[in-house]
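**Q** After the structure tokens below, expect a handful of questions from me.
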Amino acid sequence: MCFYFCGRLFRMVKLGCFGGQCVVGESSSSSKGRSHEGNIKYGFSLVKGKADHAMEDYHVAKFVRIEEHELGLFAIYDGHMGDEVPSYLQKHLFANIIEEEEFWVDPRRAITKAYEKTDQKILSNSSNLGRGGSTAVTAVLINGQRLWVANVGDSRAVLSRGGQAIQMTIDHEPNTERSSIEDRGGFVSNMPGTVYRFFCLIFVFPGVRRLEPSNKAVVFIYIMQNMLLNALIESKGFAFWVELVAPGLPSAGYLSYVICELLHRSGVKFLPVLLIVVSELLINCKYEDTGDVARVNGQLAVSRAFGDKSLKSHLRSDPDILDMHIDVNCDVLILASDGLWKVMSNQEAVDVARGFKDPQKAAKQLTAEALKRDSKDDISCVVVKFR
1 MCFYFCGRLF RMVKLGCFGG QCVVGESSSS SKGRSHEGNI KYGFSLVKGK
51 ADHAMEDYHV AKFVRIEEHE LGLFAIYDGH MGDEVPSYLQ KHLFANIIEE
101 EEFWVDPRRA ITKAYEKTDQ KILSNSSNLG RGGSTAVTAV LINGQRLWVA
151 NVGDSRAVLS RGGQAIQMTI DHEPNTERSS IEDRGGFVSN MPGTVYRFFC
201 LIFVFPGVRR LEPSNKAVVF IYIMQNMLLN ALIESKGFAF WVELVAPGLP
251 SAGYLSYVIC ELLHRSGVKF LPVLLIVVSE LLINCKYEDT GDVARVNGQL
301 AVSRAFGDKS LKSHLRSDPD ILDMHIDVNC DVLILASDGL WKVMSNQEAV
351 DVARGFKDPQ KAAKQLTAEA LKRDSKDDIS CVVVKFR
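Using the UniProt record's numbering, read the sequence shown as starting at 1 and increasing by one per residue.
The following block contains the structure:
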């Protein structure tokens, strides 16, 4: 049917051409474009949050032609514990959707199968992509007339129809899908109050086994292994970069004690003098007030996601899907990460976006307003103007 064009399309995906000028690693990025007919325009804006890690939000905003069809492809991928999984989704998810044989006759089934296959690829490649994960909200606009929206996690799509906000996605949160999580052997717990976020170097001797989270007070430990450190230790132990999130711990000194206890239970042996090093490294720990957040196994604040291999037996990655005919009453579509939706209602976002003819200006205003309202997470949004 369209093998030549599809072949070109998938080569584009492998090169990351679906990214719509996404700039990886910068604190902010924005741009715009339009359909080949020029009647549908889009813009996007991405702003790094206040957390001490690299930008983990990725996006897609692009129109492509496949023979007689024009597809608008729009997405937000909000990563956690690294940007490898959202980066992979940016390059591969839409290609996998379009590659499904049933895409043109049954988009719903094609999207469902592509989400499942993509997640399996991510899990099987966890040695390269890491143990992190990502939400996803994707929108496929077929010939400017039919809109297919799918999502896993809490990134959201909102459509304006006659100025009224219509949420096209379902927020997949642990509290609302508690029964599914518990049926899979997991649990949901709330983490109120202050969460300390900090980075430290742990010195350990060669030959120790890989560390895994083993304390309910420790939400996760992410380890990049096999980095040799020229330390003043005769055996030159391994250096691990550890990101640790621990709720409700009152001081750096107590934090270092918790770390040492965790390492000890994991069979790690190190010199007592290193306790001082750990304590010094923890002095400048960062913290944030998370409120009362429900988490899967006390760790993840969404109940569906791509990746997250260590939690996958308790998580789902099947999307909720909604389709709609785009008629004259539909004027704006907004896709955004929870960095926006935590501080802004659907209707507020629609009202802001409808106030601008230029979708890029609308997207930039949305991210700016989220920052003004003290959103701490990465903030990304795509705005599509149908009229």
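Note that CB positions come from ideal geometry on N, CA and C, so glycine has one too.
Kindly indicate which three-state DSSP category isoleucine 66 falls into: helix, strand or coil?
**A** For the purposes of this step, residue 66 is identified with residue 66 of the sequence shown, where counting begins at 1. If DSSP states are grouped into helix, strand and coil, isoleucine 66 belongs with the strands.
**Q** Should the region 110-125 be regarded as contacting the region 304-312, the criterion being three or more beta carbon pairs within less than 8 angstroms?
**A** As far as the Cβ criterion goes, the region 110-125 touches the region 304-312, which means the pair count is three or higher.
**Q** Rounded C-beta distance between arginine 184 and serine 313? I'm assuming under 8 angstroms.
**A** Against the sequence shown, residue 184 aligns to sequence position 184. Against the sequence shown, residue 313 aligns to sequence position 313. Correct: roughly 6 angstroms between the Cβ atoms.
**Q** Specify, as a first and last residue, the run of the alpha helix (DSSP H) that glutamine 167 falls within.
**A** For the purposes of this step, residue 167 is identified with residue 167 of the sequence shown, where counting begins at 1. Run containing glutamine 167: none in the alpha helix (DSSP H); it sits in the beta strand (DSSP E), 164-167.
**Q** Between the region 72-90 and the region 143-157, can you find at least three pairs of beta-carbon atoms closer than 8 angstroms?
**A** Flag = yes, the region 143-157 and the region 72-90 touch.
**Q** Among the candidates Asp106, Gly33, Val332, Gly186, whose CA atom is the shortest distance from the CA of alanine 294?
**A** Here residue 294 refers to the residue found at position 294 of the sequence shown. Closest option to alanine 294, Cα to Cα, is Gly186.
**Q** Could you check the C-alpha separation between lysine 91 and alanine 136 for me, to the nearest Å?
**A** Along the sequence shown, one-based indexing puts residue 91 at 91. Along the sequence shown, one-based indexing puts residue 136 at 136. Near 13 angstroms, if we compare the C-alpha coordinates of alanine 136 and lysine 91.
**Q** Grouping DSSP H, G and I as helix and E and B as strand, with all else coil, what is threonine 138?
**A** Residue mapping note: residue 138 aligns to position 138 of the sequence shown, counting from 1. Here threonine 138 sits in strand by DSSP.
**Q** Under three-state DSSP, which class holds alanine 110?
**A** Counting from 1 along the sequence shown, the entry for residue 110 is found at position 110. Reduced to three states, the DSSP call for alanine 110 is helix.
**Q** Can you grab the Cα-Cα spacing for the pair leucine 129 / glycine 82, in whole Å?
**A** As a position in the sequence shown, residue 129 is number 129, starting the count at 1. As a position in the sequence shown, residue 82 is number 82, starting the count at 1. Cα to Cα, the separation comes out at about 9 angstroms.
**Q** Taking only the alpha-carbon atoms, compute the straight-line gap between arginine 197 and asparagine 39 and give it to the nearest angstrom.
**A** Taking the first residue of the sequence shown as 1, we reach residue 197 at position 197. Taking the first residue of the sequence shown as 1, we reach residue 39 at position 39. The predicted model places arginine 197 with a pLDDT of 42, which falls under 50 and marks its position as unreliable, so this point remains unresolved.
**Q** Please go through the same chain and pick out, in chain order, the residues whose beta-carbon is closer than 8 angstroms to the beta-carbon of valine 350, but skip the five residues on each side of it.
**A** Position 350 of the sequence shown holds residue 350. Once the five neighbours on either side are set aside, the close Cβ partners of valine 350 are Val158, Ser160, Gly163, Gln164, Ala165, Val332, Ile334.
**Q** Going by C-alpha to C-alpha distance, which of Gln299, Lys364, Glu369 sits closest to valine 383?
**A** Walking along the sequence shown from the start, residue 383 turns up at place 383. It is Lys364 whose Cα lies nearest to the Cα of valine 383.
**Q** Would you give the residue range spanned by the alpha helix (DSSP H) that phenylalanine 94 belongs to?
**A** Residue numbering aside, residue 94 sits at position 94 when the sequence shown is read from its first letter. Residues 84-99.
**Q** Could you pull the start and end residues of the beta strand (DSSP E) that alanine 150 belongs to?
**A** Within the sequence shown, numbered from 1, the residue matching residue 150 stands at position 150. Taken as a continuous stretch (DSSP letters only), the beta strand (DSSP E) holding alanine 150 covers 146-152.
**Q** In or out: valine 302 buried (at least 16 other Cβ within 10 Å) or exposed?
**A** Position 302 of the sequence shown, counted from the first residue, corresponds to residue 302. Flag for valine 302 reads buried.
**Q** With DSSP collapsed to three states, give me the class of serine 124.
**A** By one-based count along the sequence shown, residue 124 stands at place 124. Reduced to three states, the DSSP call for serine 124 is helix.
**Q** Who are the Cβ neighbours of histidine 325 in its own chain at under 7 angstroms, not counting the five residues just before and after it?
**A** As a position in the sequence shown, residue 325 is number 325, starting the count at 1. Cβ neighbours of histidine 325 beyond the five flanking positions: Gln145, Arg146.
**Q** State the start and end residues of the unbroken alpha helix (DSSP H) segment that holds aspartate 327.
**A** As a first step, residue 327 must be located in the sequence shown, where it is residue number 327. From DSSP, aspartate 327 is part of no alpha helix (DSSP H); its letter is neither H nor E.
**Q** Taking only three categories from DSSP, how would you classify leucine 315?
**A** For the purposes of this step, residue 315 is identified with residue 315 of the sequence shown, where counting begins at 1. Looking at leucine 315 - three-state DSSP - the assignment turns out to be coil, as it is neither helix nor strand.
**Q** What is the DSSP secondary structure of alanine 370, counted as helix, strand or coil?
**A** As a first step, residue 370 must be located in the sequence shown, where it is residue number 370. The answer is helix: DSSP assigns alanine 370 an H, G or I state.
**Q** Out of Lys32, Asp377, Asn143, point me to the one whose CA is closest to glycine 339's CA.
**A** Along the sequence shown, one-based indexing puts residue 339 at 339. If we check each option's Cα against that of glycine 339, Asp377 comes out closest.
**Q** Excluding the five sequence neighbours on either side, which residues of its own chain have a C-beta within less than 6 angstroms of the C-beta of glycine 72, listed in chain order?
**A** In the sequence shown, counting from the first residue as 1, residue 72 sits at position 72. Here the set comprises Phe63, Leu141.
**Q** Quick one: residues in its chain with C-beta nearer than 7 angstroms to the C-beta of residue 421, no 5 flanking neighbours on either side, listed in chain order?
**A** Any question about residue 421 goes unanswered here, given that the chain covers just 1 to 387.
**Q** Using only the alpha-carbon positions, how far apart do glycine 33 and lysine 113 sit?
**A** Start at 1 with the first residue of the sequence shown, and residue 33 comes out as number 33. Start at 1 with the first residue of the sequence shown, and residue 113 comes out as number 113. Between glycine 33 and lysine 113, the C-alpha separation is close to 29 angstroms.
**Q** Shortest alpha-carbon distance to histidine 36 belongs to which of Thr169, Glu68, Gln360?
**A** Numbered from 1 along the sequence shown, position 36 holds the residue referred to as residue 36. Ranking the options by Cα distance to histidine 36, first place goes to Glu68.
**Q** By Cβ distance below 7 angstroms, which residues in the same chain neighbour alanine 110 in space, the five residues on each side in sequence not counted?
**A** Working through the sequence shown from its first residue, we reach residue 110 at position 110. Excluding positions up to five away in sequence, the list reads Ile97, Glu100, Glu102, Phe103.
**Q** What separation, rounded to the nearest whole angstrom, lies between the Cα atoms of glycine 132 and aspartate 320?
**A** To locate residue 132, count along the sequence shown from 1; it is residue 132. To locate residue 320, count along the sequence shown from 1; it is residue 320. So the two alpha carbons sit approximately 22 angstroms from each other.
**Q** With DSSP run on the structure shown, which of helix, strand or coil describes leucine 249?
**A** For this step, residue 249 is matched to residue 249 along the sequence shown. Note that leucine 249 scores 37 on pLDDT, short of 50, meaning its location in the model is unreliable; the coordinates nonetheless yield the value given after this. Note: leucine 249 maps to coil in three-state DSSP.
**Q** Indicate the three-state DSSP secondary structure (helix, strand or coil) for glycine 133 in the structure shown.
**A** The residue you call residue 133 lines up with position 133 of the sequence shown. In the structure shown, glycine 133 sits in a strand (DSSP, three-state: E or B).
**Q** For valine 60 and phenylalanine 74, what's the separation of their Cα atoms in angstroms?
**A** Numbered from 1 along the sequence shown, position 60 holds the residue referred to as residue 60. Numbered from 1 along the sequence shown, position 74 holds the residue referred to as residue 74. About 5 angstroms.
**Q** Please name the residue in Asn143, Lys50, Ser126, Ala336 whose C-alpha comes closest to that of glutamate 84.
**A** On the sequence shown, residue 84 is found 84 positions in, with the first residue counted as 1. Nearest of Asn143, Lys50, Ser126, Ala336 to glutamate 84, Cα basis: Ser126.
**Q** DSSP state of isoleucine 170, grouped into three classes?
**A** Numbered from 1 along the sequence shown, position 170 holds the residue referred to as residue 170. Coil, per DSSP.
**Q** Taking only beta-carbon atoms, is threonine 169 less than 8 angstroms away from chain D?
**A** Absent from the structure: chain D. Only one protein chain is present.
**Q** Just reading off the beta strand (DSSP E) that residue 406 is part of, what are its end residues?
**A** Given a span of 1 to 387 for the chain in the structure shown, any question on residue 406 remains unanswerable.
**Q** Return the CA-CA distance between arginine 108 and tryptophan 148, expressed in angstroms with no decimal places.
**A** Sequence index remark: in the sequence shown, residue 108 carries index 108 (1-based). Sequence index remark: in the sequence shown, residue 148 carries index 148 (1-based). Answer to the nearest angstrom: the Cα atoms are 8 angstroms apart.
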